[in-house]
Amino acid sequence: MATAAIPAGTKWWNGGRSPFNASYGKVMMWYFLMSDAFTFGAFLISYGTIRFSVNYWPDPNRVFNAFPGFGHMDLPLAFVSLMTFILIASSVTMVLAVHAGHHMNRKGVEKYMFWTILGGIAFLGCQAWEWTHLLTGEHISILDNGSLSILPTTVTGNPWGADLPHEAIAAALQKTPHDQLVSIASTLHHGAETGAHHDVAKMADGELVKMIQAANVHVTQTGPRAFGGYFFGITGFHGFHVLSGVVINIIMYYKTKLGHFDQRGHYEMIEKTGLYWHFVDLVWVFVFLCFYLI
Amino acid sequence: MSEHVITSPEVSFATAPSSGTGRIWRVFWLLSAITVVELVLGFGLARHWYGSSGMILFVKGVICILSLAKAYYIVSVFMHLGDEIRNMIMTIVVPLCLFIWFIAAFLWDGDSWKNLRNTNGGSKKADTEQVAPAVKEQGAKD
Chain A
1 MATAAIPAGT KWWNGGRSPF NASYGKVMMW YFLMSDAFTF GAFLISYGTI RFSVNYWPDP
61 NRVFNAFPGF GHMDLPLAFV SLMTFILIAS SVTMVLAVHA GHHMNRKGVE KYMFWTILGG
121 IAFLGCQAWE WTHLLTGEHI SILDNGSLSI LPTTVTGNPW GADLPHEAIA AALQKTPHDQ
181 LVSIASTLHH GAETGAHHDV AKMADGELVK MIQAANVHVT QTGPRAFGGY FFGITGFHGF
241 HVLSGVVINI IMYYKTKLGH FDQRGHYEMI EKTGLYWHFV DLVWVFVFLC FYLI
Chain B
1 MSEHVITSPE VSFATAPSSG TGRIWRVFWL LSAITVVELV LGFGLARHWY GSSGMILFVK
61 GVICILSLAK AYYIVSVFMH LGDEIRNMIM TIVVPLCLFI WFIAAFLWDG DSWKNLRNTN
121 GGSKKADTEQ VAPAVKEQGA KD
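Protein chains in written order, with our numbering: chain A, 1 to 294; chain B, 1 to 142.
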């Protein structure tokens with residue numbers, strides 16, 4: 001990119017002026033973002049280190065393959081691409097708001113800030129759905145003690161280990177206590193009549209085992225615990241940035257509406273807010289890369 | 001026109017803001033196109049298109065480079081860092097170069113832990129490059 005032309009004879013270090021030809025606030029926003037980049041970088045590199053240090057890591061395409069309204073259809077990358085495009089779109093509306101601000105176009109800033117806020121809220125909604133889906137998901141897994149259990153994805157455990165060979169399932173079922181057999185059997189009846197759970201609760205272990213085996217269930221081993229910790233930790237930290245970005249954007253939207261920036265004679269606050277918002281998008285590029293793509 | 005706004009007293013000169021939004025939209029389409037390419041490559045990883053682990057690693061490397069390209073365009077155009085003066089750009093970009101060693105050193109460390117664990121601190125040969133380690137154990141137990 002071309003750097004700005006500097007007028008001849010400019011004395012940068014005589015005091016009273018910025019050596020970077022930028023206001024104090026903007027320079028400090030950049031340095032804050034740089035430090036934040038190191039924070040996110042440290043998290044992601046720590047994730048990479050742990051991932052490199054174990055023999056098995058969950059395949060993201062199996063973990064993140066759901067889309068709201070499509071039930072159990074296998075749709076790897078679909079939902080997260082929607083989230084990515086929402087964030088790219090809200091980044092564009094933000095830069096358009098900054099552009100309108102450069103031209104002192106208050107109506108333009110209002111319009112584009114509104115769409116940016118909407119994009120941010122849509123992204124947060126998507127993330128809330130994804131977290132809920134992972135935290136409430138029911139997957140049959142074999143525990144360390146050799147029995148089967150139903151596991152969601154949490155920070156302390158997850159069912160994303162390797163597949164359990166079909167021959168091993170029968171033996172694991174023998175070790176599985178009654179209450180777990182009942183809950184496994186009742187997951188097989190999702191979507192059936194609500195009375196199904198009461199029926200399986202009354203069944204004997206032998207019957208339950210037969211029923212589960214007949215259903216040809218898919219059983220996995222437990223995955224590395226760090227997977228959930230890193231996933232919820234890093235996407236949570238990013239989501240918190242998005243949330244604070246939305247709050248800041250809402251404040252700036254109202255200040256624009258109240259005409260504060262017209263009185264001030266410039267829209268630099270929109271620029272600084274824009275820097276923060278683009279940074280959130282920038283971090284998502286790498287979260288998307290590290291957790292979903294590779 | 002109120003162009004060339006000096007936003008604060010320490011700013012020496014203001015450059016005229018770009019008049020059109022053409023560049024913004026060009027970058028938007030570019031970012032979208034790169035994302036689509038990434039998604040297609042990622043979908044290939046999900047569907048086991050690439051076969052050998054060397055090829056998979058290569059595709060993952062390509063995806064990483066595409067993400068860096070996206071980062072460049074976001075920072076340079078959307079965040080207008082490319083329009084700042086050179087000293088400003090350098091104070092941001094040069095410290096970020098620490099990431100090069102940061103990433104290399106830690107991933108290397110992670111790999112080293114894995115090798116030490118698999119070889120019991122170097123005292124035995126690693127069984128195999130395990131893909132699904134516990135499956136075999138489980139089979140043996142039953």
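Each residue gets a CB set at the ideal place from its N, CA and C atoms; glycine is no exception.
(Q) Does His278/A come out as helix, strand or coil in the three-state DSSP assignment? (A) Position 278 of the first sequence, counted from the first residue, corresponds to residue 278/A. Three-state result, His278/A: helix.
Q | the segment 4–18 of chain B in contact with the segment 81–94 of chain A per 3-pair CB rule at 8 angstroms | A | no
Q: Could you spell out where the alpha helix (DSSP H) holding His178/A opens and where it closes?
A: If you number the first sequence from 1, residue 178/A lands on position 178. 178–187 is the extent of the alpha helix (DSSP H) around His178/A.
Q. With 16 other CB atoms within 10 Å as the buried threshold, where does Asn115/B fall?
A. Numbered from its first residue, the second sequence carries residue 115/B at position 115. Exposed is the call here.
Q | Start-to-end residues for the beta strand (DSSP E) that takes in Leu107/B | A | Numbered from its first residue, the second sequence carries residue 107/B at position 107. Leu107/B -> not in any beta strand (DSSP E); alpha helix (DSSP H) instead, spanning 98–118.
**Q.** Proximity below 9 angstroms, CB of Ile305/A to CB of Pro224/A
**A.** Since the displayed chain A opens at 1 and closes at 294, residue 305/A lies outside it and no answer follows.
Q. Hey, does Cys97/B have any beta-carbon neighbour from chain A nearer than 9 angstroms?
A. Here the question's residue 97/B lines up with position 97 in the second sequence. Not one chain A Cβ lies under 9 angstroms of Cys97/B.
(Q) Using 9 angstroms as the threshold, is the C-beta distance between Ile103/B and Gly48/A below it? (A) Mapped onto the second sequence, residue 103/B falls at position 103. Mapped onto the first sequence, residue 48/A falls at position 48. Yes, these two residues count as a Cβ contact at 9 angstroms.
Q. Got a sec? Which residues, its chain only, sit under 6 angstroms from Glu271/A by beta carbon, not counting five neighbours each side?
A. As a first step, residue 271/A is located in the first sequence; it is residue number 271 there, counting from the start. Val98, listed in sequence order.
Q: Round the Cβ separation of Val280/A and His241/A to the nearest angstrom and send it over; I've been treating them as touching at under 8 angstroms.
A: By one-based count along the first sequence, residue 280/A stands at place 280. By one-based count along the first sequence, residue 241/A stands at place 241. With a Cβ gap of about 5 angstroms, Val280/A and His241/A count as contacting.
Q. Which residues in chain B sit within 9 angstroms of Met34/A, going by Cβ to Cβ distance?
A. For the purposes of this step, residue 34/A is taken as residue 34 along the first sequence, with counting starting at 1. Those within 9 angstroms of Met34/A in chain B are Thr91, Ile92, Pro95, Leu96.
Q: Give the single residue among Ala22/A, Ala171/A, Phe20/A, Ile142/A whose Cα lies nearest to the Cα of Gly209/A.
A: In the first sequence, residue 209/A corresponds to position 209, counting from 1. For the sequence presented, residue 209/A should be read as Val rather than Gly. When only C-alpha atoms are compared, the closest one is Ala171/A.
Q. Where do the ends of the alpha helix (DSSP H) carrying Ser141/A lie?
A. Translated into positions along the first sequence, residue 141/A becomes position 141. Here Ser141/A belongs to no alpha helix (DSSP H); instead the beta strand (DSSP E) covers 139–142.
Q) Looking at chain B, which residues of the segment 262–281 of chain A have a Cβ within less than 8 angstroms of any of its Cβ atoms? A) Answer set for the segment 262–281 of chain A: Gly265, His266, Glu268, Glu271, Gly274, Leu275, His278, Phe279, Asp281.
Q.
Run through the DSSP bridge pairs and tell me what Ile150/A is partnered with.
A. The residue you call residue 150/A lines up with position 150 of the first sequence. DSSP links Ile150/A through a beta bridge to Ile140/A.
Q) In whole angstroms, what is the alpha-carbon distance linking Glu130/A and Trp284/A? A) Position 130 of the first sequence, counting from 1, holds the residue named residue 130/A. Position 284 of the first sequence, counting from 1, holds the residue named residue 284/A. Taking the Cα positions, Glu130/A is about 15 angstroms away from Trp284/A.
(Q) Applying the 10 Å Cβ sphere with the 16-neighbour rule, what's the burial state of Ser19/B? (A) In the second sequence, counting from the first residue as 1, residue 19/B sits at position 19. Flag for Ser19/B reads exposed.
Q: Report all residues from its chain with a CB closer than 7 angstroms to the CB of Phe231/A; omit the five preceding and five following residues, and keep chain order.
A: Along the first sequence, one-based indexing puts residue 231/A at 231. For Phe231/A, where only same-chain residues beyond five positions count, the Cβ hits under 7 angstroms are Phe291.
Q.
Under 8 angstroms: do the segment 23–41 of chain B and the segment 64–77 of chain B share three or more Cβ pairs, one atom per stretch?
A. A contact between stretches requires three or more CB pairs, one per stretch, nearer than 8 angstroms, and the segment 23–41 of chain B meets this requirement with the segment 64–77 of chain B.
Q. Can a CB atom of chain B be found closer than 9 angstroms to the CB of Met28/A?
A. Residue 28/A sits at position 28 when you count from the first residue of the first sequence. So, not an interface residue.
Q: With a 10 Å radius around its C-beta and 16 neighbouring C-beta atoms as the bar for buried, classify Ala42/A as buried or exposed.
A: Within the first sequence, the letter at position 42 stands for residue 42/A. Per the 10 Å Cβ criterion, exposed.
Q) Using a beta-carbon distance below 9 angstroms, is Gly259/A in contact with chain B? A) Here residue 259/A refers to the residue found at position 259 of the first sequence. Not one chain B Cβ lies under 9 angstroms of Gly259/A.
Q: Measure the alpha-carbon distance for Glu268/A versus Leu134/A and round it to whole angstroms.
A: Within the first sequence, the letter at position 268 stands for residue 268/A. Within the first sequence, the letter at position 134 stands for residue 134/A. Whole-angstrom Cα-Cα distance: 41 angstroms.
**Q.** Chain-ordered chain B contacts of Leu77/A [CB-CB under 8 angstroms]
**A.** As a first step, residue 77/A must be located in the first sequence, where it is residue number 77. Per Cβ cutoff of 8 angstroms: Leu39, Gly42, Phe43, Ala46.
Q) In whole angstroms, what is the alpha-carbon distance linking His278/A and Phe78/B? A) One-based indexing of the first sequence puts residue 278/A at position 278. One-based indexing of the second sequence puts residue 78/B at position 78. Looking at the two C-alpha atoms, the distance is approximately 7 angstroms.
Q | Test item: CB-CB of Ile234/A and Ile184/A under 9 angstroms | A | Residue mapping note: residue 234/A aligns to position 234 of the first sequence, counting from 1. Residue mapping note: residue 184/A aligns to position 184 of the first sequence, counting from 1. Cβ distance not < 9 angstroms, so Ile234/A and Ile184/A don't count as in contact.
Q. Leaving out the 5 sequence neighbours to the left and right, which residues in its chain are closer than 8 angstroms to Pro58/A when beta-carbon positions are compared?
A. By one-based count along the first sequence, residue 58/A stands at place 58. Cβ contact annotation for Pro58/A (same chain, cutoff 8 angstroms, sequence separation greater than five): Asn158, Trp160, Gly161, Gly223, Pro224, Phe227, in chain order.
Q.
Please tell me whether Phe288/A and Val80/A are closer than 9 angstroms, where the distance is taken between their beta carbons.
A. Indexing the first sequence from 1 puts residue 288/A at position 288. Indexing the first sequence from 1 puts residue 80/A at position 80. It is a contact, given that the beta carbons lie within the stated cut-off.
Q | Neighbour list for Val92/A in chain B, Cβ cutoff strictly below 9 angstroms | A | Counting from one through the first sequence, the residue named residue 92/A turns up at place 92. Per Cβ cutoff of 9 angstroms: Ile24, Trp25, Val27, Phe28, Leu31, Phe78.
Q.
At the level of alpha carbons, what is the spacing between Gln127/A and Phe64/A?
A. Position 127 of the first sequence, counting from 1, holds the residue named residue 127/A. Position 64 of the first sequence, counting from 1, holds the residue named residue 64/A. Their backbone Cα atoms lie some 12 angstroms apart in a straight line.
Q) How big is the Cα-Cα spacing for Ile150/A and Leu75/A? A) Locating residue 150/A in the first sequence gives position 150, where the first residue counts as 1. Locating residue 75/A in the first sequence gives position 75, where the first residue counts as 1. Cα to Cα, Ile150/A sits roughly 22 angstroms from Leu75/A.
Q. Is Leu30/B near the ligand SAH, with its Cβ less than 8 angstroms from a heavy atom?
A. Among the components modelled here there is no ligand, and therefore nothing to report on the ligand SAH.
Q. Taking only beta-carbon atoms, is Gly110/B less than 9 angstroms away from chain A?
A. As a position in the second sequence, residue 110/B is number 110, starting the count at 1. Closer than 9 angstroms to some Cβ of chain A, the Cβ of Gly110/B qualifies, so yes.
Q) If you follow the alpha helix (DSSP H) that Asp262/A is part of, which residue opens it and which one closes it? A) Numbered from 1 along the first sequence, position 262 holds the residue referred to as residue 262/A. Run containing Asp262/A: 260–264, per the alpha helix (DSSP H) assignment.
Q | Cutoff 8 angstroms; reference Glu110/A; Cβ partners in own chain excluding five residues on either side | A | On the first sequence, position 110 is the one that residue 110/A refers to. So the qualifying residues of the chain are Tyr253, Thr256, Lys257.
Q.
Helix, strand or coil, according to DSSP, for Thr7/B in the structure here?
A. Numbered from 1 along the second sequence, position 7 holds the residue referred to as residue 7/B. Note: Thr7/B maps to coil in three-state DSSP.
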